[in-house]
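A.B. asks: In this note's numbering, the protein residues as written are 2 to 198.
Glycine residues also receive a C-beta, built at the ideal position from the N, C-alpha and C atoms.
Input: one structure, supplied below.
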């Protein structure tokens, strides 16, 4: 996530290596690329193939297939629910990043969702043991067997930051925000089926 994959104090050789890696990848144009997709019962997508996706195929061959399982296993309304929830979560994260004065490089967003129809039906029925989104601030120490923490249908986490810097007075990380903004825009296009097929 973000347009820059090398640290602020990276030596020129490292910068050149990372720029060469980025060449031809969507990260230059939209500020993100897909590094992994895993769907239950299927082999993992080849990382090298994912990195070769272009501006159209990152949607049609990367993100759209990732969300298809929500529809095929549960239903079209669940696919919509999952994408809407991820848009909401990424927007919350984006707004928090916009208030920080840090720079983050080589970070990823991990998006995970459940494909259990019965769990989604329990959520719709108001079962308190199932929630829409996982809360990282939930404290397992305060739960009990009689009142366990709800189990989320989906979760989003920021992971794998190679480098990060706190830079007071320099404002938010515009390169990282660029990637988040484009990711949100593309998720909305998928939700509304406004992407080029």
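(1) Out of 22, 194, 15 and 169, which one is the CA nearest neighbour of residue 100?
(2) Quick one: residues in its chain with C-beta nearer than 7 Å to the C-beta of residue 57, no 5 flanking neighbours on either side, listed in chain order?
(3) Would you identify the three-state DSSP class for residue 84, choosing helix, strand or coil?
(4) Strictly by DSSP, which residues pair up with residue 155?
(5) What's the call for residue 36, buried or exposed, on a 16-neighbour Cβ count within 10 Å?
(6) Among 42, 102 and 107, which has the Cα closest to the Cα of residue 171?
(7) Taking the straight line between their C-alpha atoms, what separation do you get for residue 7 and residue 13?
(8) Helix, strand or coil, according to DSSP, for residue 105 in the structure here?
(9) Run the CB neighbour count on residue 4, radius 10 Å, all protein chains shown included, and call it buried at 16 or more, exposed below.
(10) Whose C-alpha, out of 45, 42 and 51, is nearest the C-alpha of residue 28?
(11) From the DSSP output, in three-state form, read off residue 165 for me.
(12) How close, in whole Å, do the beta carbons of residue 9 and residue 104 come, if the pair is a contact with beta carbons under 8 Å?
(13) Express the C-alpha separation of residue 156 and residue 131 in angstroms, rounding to a whole number.
(14) Since residue 160 sits in a beta bridge, which residues does DSSP pair it with?
(15) Please check the pair residue 88 and residue 192, which I expect to be a contact at CB under 8 Å, by giving their CB distance rounded to whole angstroms.
C.D. replies: In short, the structure shows the following:
(1) Of the candidates 22, 194, 15 and 169, the one whose C-alpha sits nearest the C-alpha of residue 100 is 169.
(2) Answer for residue 57: 197, listed in chain order.
(3) When DSSP states are grouped into helix, strand and coil, residue 84 belongs to the helix group.
(4) Beta-bridge annotation (DSSP): residue 155 is paired with 114 and 134.
(5) Classified as exposed, residue 36 has fewer than 16 neighbouring CB atoms from the shown chains inside 10 Å of its CB.
(6) Residue 171 has its Cα closest to that of 102, out of 42, 102 and 107.
(7) For residue 7 and residue 13, the distance between alpha carbons rounds to 10 Å.
(8) Three-state result, residue 105: strand.
(9) Classification for residue 4: buried.
(10) Per the C-alpha coordinates, the member of 45, 42 and 51 positioned closest to residue 28 is 51.
(11) Of the three classes helix, strand and coil, the one that applies to residue 165 here is strand, per DSSP.
(12) With 8 Å as the limit, residue 9 and residue 104 qualify as a contact, their Cβ atoms being about 6 Å apart.
(13) Between the C-alpha atoms of residue 131 and residue 156 there is a straight-line separation of about 13 Å.
(14) Residue 160 is bridged to 109.
(15) About 7 Å separates the two Cβ atoms, so the contact holds.
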